[in-house]
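Novice: In the working numbering, the protein residues as written are 93 to 247.
For every residue, glycine included, the Cβ atom is placed at its ideal position computed from N, Cα and C.
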Amino acid sequence: MPSRARVAVPAAIVLTGGSALLGGALAFQYWGGLAPCEMCLWQRWALAAALTLAALGWALGQRAVVALAALSVWAGAAIAAFHAGVEQKWWQGITTCAAAPAGGSTADVIGSILAAPLVRCDAIPWSLFGLSMAGWNVVLSTLIGGIALWQLKRS
93 MPSRARVAVP AAIVLTGGSA LLGGALAFQY WGGLAPCEMC LWQRWALAAA LTLAALGWAL
153 GQRAVVALAA LSVWAGAAIA AFHAGVEQKW WQGITTCAAA PAGGSTADVI GSILAAPLVR
213 CDAIPWSLFG LSMAGWNVVL STLIGGIALW QLKRS
């Protein structure tokens, strides 16, 4: 069996599941009006890495790269678990300002600071069945990564 065929199903699981999670986050942001906090952005970076690795692993037919993609999904789940704990006040989250540095005049810097939305990482802007978006990310990312690794082991 060609290598690409052996990694097609696990890569597709990461690509499909990761795209759905990232698409959902972007839909909440742009259609739902829920601006992401810094920890939300960290979770998106983990998903972007997983998507990139899954596509690369499939294109090269490399099981190890697809496994890294699944582990990247799990890394996003770990970040989401930390974020969910911060939301539930189980532990403290980040305490520094995460604003991007601005250039230009003092008025430009102050204007960009005042225009930026204040999004707290310890607030729950949306939940379903008692789980926040970070909580749902933990559940779904754990499943996606686990199923992809299981399929990779089977092939």
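Count the CB pairs spanning the stretch 131-151 and the stretch 97-111 that are closer than 8 Å, and state whether there are at least three.
Specialist: yes
Novice: Pull up the CB-CB distance for V101 and S233, whole angstroms please, since I reckon it's below 8 Å.
Specialist: Rounded, the Cβ-Cβ distance is 18 Å, inconsistent with contact.
Novice: What is the DSSP secondary structure of S247, counted as helix, strand or coil?
Specialist: coil
Novice: Could you name the residues of the same chain whose beta carbon sits closer than 8 Å to that of L244, not counting the 5 residues immediately before and after it, in chain order?
Specialist: Correct list, in chain order: V99, P102, R155, V158, A159, A162.
Novice: On a CA-only basis, which of R136, Q121, Q135, I186 is nearest D214? Give me that one, please.
Specialist: I186
Novice: Under 6 Å Cβ to Cβ from A167, same chain only, skipping five residues before and after it: list those, please.
Specialist: So the list reads A138, once near-sequence residues are dropped.
Novice: Report buried or exposed for I202, applying the criterion of at least 16 other Cβ atoms within 10 angstroms of its Cβ.
Specialist: exposed
Novice: What is the DSSP secondary structure of L126, reduced to helix, strand or coil?
Specialist: coil
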